[in-house]
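What follows is one structure encoded as structure tokens, with my remarks underneath.
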Amino acid sequence: MSGGAVLATSVEQQEPRRGPDLPRAVGTSRATPYLLLSPGMLWLAVFFVVPTLMLLVTSLYTGSLDQGYTFEFPGHWATYSNALTEYWPQFLRSFLFAGLATVFCLVLAYPLAYFIALRSGAWKSTLLVLVIAPFFTSFLIRTLAWKTILADDGAVVRTLNSLHITDLLTWLHLTEADRILNTPLAVVLGLTYNFLPFMVLPIYASLDRMDGRLVEAAQDLYASSWAALRKVTWPLSLPGVVAGTLLTFIPAAGDYINAELLGTAKVSMIGNVIQDQFFVVTDYPTASALSFVLMLAIISMVFFYVRRAGTEELV
Amino acid sequence: MTMASRTGIFGEPGPRGMSRRRLLAAGAASAGALTLAPLMTACGTKPTASSSLAPDLSDTEHVVNFSNWQLYIDVDENDATKHPTLDGFTQKTGITVNYSEDIDDADVFSAKLMPTFKAGQDTGRDILVPTEEVGTKWIRAGFVEKLDKALLPNVTANLLDSLRNPAWDPDRVYTVPWQTGCTGIAFDSSKTKPVNTITELLTRPDLHGKVALIRDWRDTVCLVMLEMGVDIGTYTDDQFMAAVEVVQKAVDSGQVRAFTGNNYTELLVNGSVHACLAWSGDIVQLQYDAPGMTYVPPESGQLIWGDTMVIPEQAQHRKNAHELINYYYDPAVAARVSATVQYICPVKGAQSEMEKIDPTLVDNPLIFPDAAFLATTHTSRLVDEATQARYADAWTKVTGT
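Chains G and S, in that order, give the protein sequences.
Under full-length UniProt numbering, the first sequence has 10 at position 10, and the numbering climbs by one with no breaks.
Under full-length UniProt numbering, the second sequence has 217 at position 217, and the numbering climbs by one with no breaks.
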């Protein structure tokens, strides 16, 4: 992509040069960066590293909550194979639902973010506040509201029924028996709705910061609007897209509230299984093993994705 | 609660409670707990001997911390955040009540408190209202305190005789009933014709996709076992698994659309569900807004269960807690609670007090059950921890696959 190379150069030139030749400010020492980092690192150590290790240890326990758990080196690894054999469909379903929700979010969010960043004029702040407005209500209440919106006797479902759209959806196995609530579709819609702002905001930030003259330059060079969008705007907004998809996919894959409230027994996600194992079956090792596998799976997917997408783009 | 058994009125051996799952709020609460649980378990997973009692701060701190289920106490007609009987208690005794409706599911609630209990620490609560089964588990494990009967004269005088001596807590050493209720079938008579049996609920074609069941196996599986002719006071593993299989078939066929806590009320009201398993009091409360809502005991019998008040071991305001328990056994106070919550009232004399509050409720068998009503009720056996874990494991595969 020759255009890409030219653009990359121009992007670099916008940025002031940083690097070893930047003079060190008077009075700072070599220790300063570490001092600045230490609160964050301490936070991570106490609230991420230690709990993660405990999670790992708990997943290797044998015993029961009632009798007490014991850890015997090298741990009860069979919990992992049992849990995976038993619950792999829920894992797959979680990633599928989260993936669908991420795609829906991207399709909805990109035009919205584009409009807010580049075309909204004086309305920009208002529109941004509107994007964030759902956060003023609790996550739970917002999800519950969907039960009313998607109720069988509600206007939405009746309209879709009379247009025979539910028949099409049922044929696609997204819904069942002329209803939307308590179907896979409802869960994906709930996830899409709940995580949409996490997609809009990073894309908005990328587009807002983009130098509009680059698009003008592309058009001066006879690029059509579509070509300018594809070769200039989209690559420049990629950091936002990557951040947005991560912010959407990761929490959506572990979410269980949407499946709990909008789903049905046949479409539970891995979060529901973990919740049940912790609090109903009180099988802590299985619950911990599932949590740990979920974390590893997400980390490896993210790693792969970020490498493909190109980390240097993630400003 | 206490349970009636098949033969007699409340209190034959082996009563056991059904838990009331309040999933909505449970979700929110457990989202936080989920992240903390492993951390806490790693610190204290072995049962530890309980340490000595914390000092009672009742004389210096005029407060009592009371944790209960949602919609389980009277509310002011004009302000749903006010509870007249709690205000009355504060006026009478000068003790402020910190009332929280944070119990949504007895198993989940117990699982959340377990690390605190096992570490012998204060839960921050002075009165808890577990189901009988969870209460029994706590008694066995030594997590709740013996009650001081000298501080509970109203309970001694007014507790229904049938509730005085349950097998799992003889002489009520640790527990005092809060409310008792039943599990049966609810349907919306404006949308469907009557549903009288569990089999109809699980197979009738006109209800396809319009049925909700209760997420707690103690409600749903026990009612299915009753339908299969099993004595739920003595059922076996095989009978349990056979009933689970029946439910699984209903799920696979698409008849059952959801497993719910008490949020089946919304599904009924918005027309998404036409018939479901339900707790008696919830449906009676719904009838004020939606007259079509009907509660019926299934033909094969309904379940009866109860929730009990206990004082956790390291509670810091034990004397105040006793005072509050005693206060709710004043018949006039108990009648006010029953008039709102519509569950079975465990207090003698409340029926005549009800005359002054709402005469239409005096003869309501769901609040003041008569012998004919109680003859339809059954109590299931209590199961031990290992069995509970095995059953829950089989059951969660039906409710989430």
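Each residue gets a CB set at the ideal place from its N, CA and C atoms; glycine is no exception.
Owing to the predicted nature of the structure, the values given are computational and were not obtained by experimental measurement.
Alpha-carbon to alpha-carbon, S:Asp105 and G:Val280: Between the alpha carbons of G:Val280 and S:Asp105 lies a distance of about 9 Å.
Chain S contact for G:Leu60 (CB, 7 Å cutoff): Chain S, which has no Cβ nearer than 7 Å to the Cβ of G:Leu60, makes this no.
Test: G:Glu72 CB closer than 7 Å to a CB of chain S: Answer no: the Cβ-Cβ gap between G:Glu72 and chain S never drops below 7 Å.
Through-space distance from S:Cys182 to S:Ile344, alpha-carbon basis: C-alpha separation (whole angstroms): 8 Å.
Residue from S:Gly184, S:Gln179, S:Lys210 and S:Thr180 with nearest C-alpha to S:Thr192: Comparing Cα-Cα distances from S:Thr192 to each of S:Gly184, S:Gln179, S:Lys210 and S:Thr180, the minimum goes to S:Lys210.
Helix, strand or coil at S:Ala290 [DSSP, three-state]: It is coil, neither helix nor strand.
Contact list for residue 332 of chain G against chain S, beta-carbon separation under 8 Å: Here chain G comprises residues numbered 1 to 315, so residue 332 of chain G is not present and cannot be evaluated.
The stretch 223-236 of chain G in contact with the stretch 126-139 of chain G per 3-pair CB rule at 8 Å: Using a Cβ-Cβ distance cut-off of 8 Å, the stretch 223-236 of chain G and the stretch 126-139 of chain G are not in contact, since fewer than three pairs of beta carbons, one from each stretch, lie closer than that value.
Proximity test, S:Ala372 beta-carbon vs the ligand GTP heavy atom, cut-off 6 Å: Questions concerning the ligand GTP fall outside what the structure shown contains, since it holds no ligand whatsoever.
Min CB distance S:Thr399 to chain G below 7 Å: Chain G, which has a Cβ nearer than 7 Å to the Cβ of S:Thr399, makes this yes.
Touch test, the stretch 290-303 of chain S against the stretch 124-132 of chain S, Cβ-Cβ under 8 Å, three pairs minimum: By the Cβ rule, the stretch 290-303 of chain S does not count as touching the stretch 124-132 of chain S, because fewer than three pairs are nearer than 8 Å.
Terminal residues of the beta strand (DSSP E) in which S:Cys276 lies: Its beta strand (DSSP E) spans residues Ala275 to Trp279.
G:Thr143, DSSP secondary structure in three states: The three-state secondary structure of G:Thr143, taken from DSSP, is helix.
Residue span of the alpha helix (DSSP H) that contains G:Gly99, given as start and end: Start and end: Ala78 to Leu118.
Contact check, G:Val157 vs G:Ile180, beta carbons under 7 Å: The criterion of a C-beta distance shorter than 7 Å is satisfied by G:Val157 and G:Ile180.
Residues from the stretch 293-304 of chain G in contact with chain S, defined by Cβ distance under 7 Å: Answer in chain order: no residues at all.
Cβ of S:Arg257 within 7 Å of any chain G Cβ: For S:Arg257, the answer is yes, since a Cβ of chain G falls inside 7 Å of its Cβ.
In chain order, each alpha helix (DSSP H) run of at least 4 residues that lies wholly inside the stretch 180-210 of chain G: Listed in chain order, they are 184-209.
Within chain G, partners of S:Glu133 - CB distance below 9 Å: Residues of chain G passing the Cβ test: none, with the nearest at roughly 13 Å.
Residue-level contact to chain S via CB, G:Leu168, 7 Å cutoff: Under the 7 Å criterion on CB atoms, G:Leu168 is classed as non-interfacial with respect to chain S.
S:Ser58, DSSP secondary structure in three states: S:Ser58: coil per DSSP, three-state reduction.
Contact between the stretch 252-264 of chain G and the stretch 90-105 of chain G (3+ Cβ pairs under 8 Å): Counting C-beta pairs with one atom in each stretch, the stretch 252-264 of chain G and the stretch 90-105 of chain G have three or more that are closer than 8 Å, which means they touch.
Contact list for the stretch 269-280 of chain S against chain G, Cβ threshold 7 Å: Of all residues in the stretch 269-280 of chain S, only Asn270, Gly271 and Ser272 come within less than 7 Å of chain G when Cβ atoms are compared, listed by chain position.
Proximity to G:Ala78 [Cα-Cα], best of G:Leu92, G:Leu60, G:Tyr69 and G:Pro33: In terms of CA proximity to G:Ala78, G:Leu60 leads the group G:Leu92, G:Leu60, G:Tyr69 and G:Pro33.
Which of helix, strand or coil DSSP assigns to S:Cys182: It is a strand residue.
Distance, S:Arg140 Cα to S:Asp171 Cα: Going by the C-alpha atoms only, they are around 15 Å apart.
Proximity winner among S:Gln351, S:Phe373 and S:Gln285, relative to S:Val341 (alpha-carbon distances): Of the candidates S:Gln351, S:Phe373 and S:Gln285, the residue whose Cα lies closest to the Cα of S:Val341 is S:Gln285.
Selected residue, minimal CA-CA separation from S:Phe109, among G:Val107, G:Phe278 and G:Ala287: Selection G:Val107, G:Phe278 and G:Ala287 evaluated against S:Phe109 yields G:Phe278 as nearest (Cα-Cα).
Chain-ordered neighbours of S:Asp393 on chain G, where CB pairs are closer than 8 Å: Neighbours of S:Asp393 on chain G, chain order: Val281 and Asp283.
Beta-carbon proximity of G:Pro202 to G:Ala243, cut-off 7 Å: Closer than 7 Å, so yes.
G:Ser237 and G:Ser206 closer than 7 Å at C-beta: G:Ser206 sits close to G:Ser237, with the two beta carbons spaced by under 7 Å.
CB of S:Leu160 within 7 Å of CB of S:Pro346, strictly: Going by beta carbons, S:Leu160 and S:Pro346 fall inside the 7 Å limit.
7 Å Cβ shell around S:Ile103 - same chain, five flanking residues per side excluded: Beyond the five residues adjoining it in sequence on each side, S:Ile103 comes within less than 7 Å, by CB distance, of Ser67, Asn68, Trp69, Phe109 and Val129 in the same chain, given in chain order.
Paired residues, beta bridge with S:Gln302 - DSSP: According to DSSP, which records beta bridges pairwise, S:Gln302 is partnered with S:Thr377.
Short CB-CB distance (under 7 Å) between G:Asn194 and chain S: No, G:Asn194 lies away from the interface with chain S (no Cβ there is under 7 Å from its Cβ).
Interface partners of S:Glu266 on chain G, CB under 9 Å: Residues of chain G with a Cβ closer than 9 Å to the Cβ of S:Glu266 are, in chain order, Leu144, Lys147, Thr148 and Ala151.
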